[in-house]
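Participant: Sequence lines, in order, name chains W and Z. The working numbering puts the first residue of the first sequence at 1, with every later residue one more than the last. The working numbering puts the first residue of the second sequence at 1001, with every later residue one more than the last. For each residue, glycine too, the CB sits at the ideal point set by N, CA and C. Below: one structure in structure tokens.
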Amino acid sequence: MELIIRFIVGGMVVSFFAVIGDVLKPKSFAGLFGAAPSVALATLGLAIKAEGNGYAATEARSMIIGACAFSVYAWCCMRIMAKHEVRAKTATIATLAIWMACAVGGRLVFLR
Amino acid sequence: MRINFDFSALKRTRWYEYALRLFFGGAVTVATGLIAKRYGPVMGGLFLAFPAIFPASATLVEKHETEKKRRKGIIDNSRGRKAAALDARGAALGSVGLSCFAIAVWLLLPHWKASLGLLTALAIWVAASIAFWLLHRVHYGK
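Below, the structure written as structure tokens:
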């Protein structure tokens, strides 16, 4: 039951921010919503309810590393799409490996 | 350049594209919860900043821009790709705001009421993202 609630809440929050990004212009401004804390809001809300504020604060500390990895990821996507003939789907999915490498690498270096 | 709303974009998005985002959003949230349960909050927390919306939104931006140009008789896939690159630049700037959100939650939650802490962090995300976007425009003029 907990997983179903998590799935519904997460899907709705992510879709909400995605729709805001869809209707905004110019595109570079709408792109801000591509980095909205949608998964964080859904997960932290549920984590606070189940485990308390301290647990959620620990998750948020790791999220700082994840967000820095997101900066590197988005910058790589932008460079690849602007400079090379690579479709958006290919560029954004292939470079998820960069996000993963930066996030896990950052966790090993800064949060041992 | 003014910031405005274009609600016709909602009509261009098909029902299965909404369903796909709902599914991926839910799946990433479930996966984050399972990772936190299995490996603890330090590892699980990383995935709170997982790019859940961005690949789908950049793909849609490229597709809609290419279709728009095609309707005007312009066959040029690079226009769609450049629009997606602009979306990515916005996401890169927004990710600085995402870091500010995470720092705010980390510092506020141990001392503040949860709802107030999350709302304040959300306000900080909005303010920081817009501020960095404006700074980028002033500095680079685009």
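Extract the residue ranges of the alpha helix (DSSP H) inside the stretch 44-87 of chain W, only unbroken runs of 4 or more that lie entirely within it.
Facilitator: Within the stretch 44-87 of chain W, the complete alpha helix (DSSP H) runs of at least 4 residues are 53-83.
Participant: Are Trp-1133 (chain Z) and Cys-1100 (chain Z) close, meaning C-beta to C-beta below 8 Å?
Facilitator: Result no, Cβ atoms of Trp-1133 (chain Z) and Cys-1100 (chain Z) do not sit closer than 8 Å.
Participant: Nearest-angstrom Cα distance between Leu-1098 (chain Z) and Glu-51 (chain W)?
Facilitator: Cα to Cα, Leu-1098 (chain Z) sits roughly 23 Å from Glu-51 (chain W).
Participant: Between Gly-1044 (chain Z) and Gly-1033 (chain Z), what straight-line distance do the alpha-carbon atoms span, to the nearest angstrom?
Facilitator: When rounded, the distance between both Cα atoms is 7 Å.
Participant: Would you say Trp-1125 (chain Z) lies against chain W (beta-carbon separation less than 8 Å)?
Facilitator: Taking Cβ atoms only, chain W reaches closer than 8 Å to Trp-1125 (chain Z), which makes this a yes.
Participant: So which residues on chain Z does Leu-108 (chain W) lean against when the C-beta distance must stay under 9 Å?
Facilitator: Those do not exist, as Leu-108 (chain W) stays about 11 Å from chain Z at its closest Cβ, beyond 9 Å.
Participant: Of all the options Z:Gly-1025, Z:Phe-1005 and Z:Arg-1002, which has the alpha carbon lying nearest to the alpha carbon of Gly-10 (chain W)?
Facilitator: Among Z:Gly-1025, Z:Phe-1005 and Z:Arg-1002, the Cα nearest to that of Gly-10 (chain W) belongs to Z:Gly-1025.
Participant: Which one or two residues does DSSP pair with Asn-1004 (chain Z) in a beta bridge?
Facilitator: In DSSP, Asn-1004 (chain Z) forms a bridge with W:Lys-25.
Participant: List, in chain order, every chain Z residue whose beta-carbon is nearer than 9 Å to that of Gly-105 (chain W).
Facilitator: None at all; the shortest Cβ gap to chain Z is about 11 Å.
Participant: Output yes or no for whether 8 Å exceeds the beta carbon distance between Cys-77 (chain W) and Thr-90 (chain W).
Facilitator: Contact: no.
Participant: For Tyr-1140 (chain Z), count neighbouring C-beta atoms within 10 Å of its own C-beta (all shown protein chains included) and say buried if the count is 16 or more, exposed if not.
Facilitator: Under this definition Tyr-1140 (chain Z) is an exposed residue.
Participant: Decide if Ile-1003 (chain Z) is buried, meaning its Cβ has at least 16 other Cβ atoms within 10 Å, or exposed.
Facilitator: Exposed is the call here.
Participant: Taking its Cβ as the centre, do 16 or more other Cβ atoms sit within 10 Å of Phe-17 (chain W), making it buried, or is it exposed?
Facilitator: Label assigned to Phe-17 (chain W): buried.
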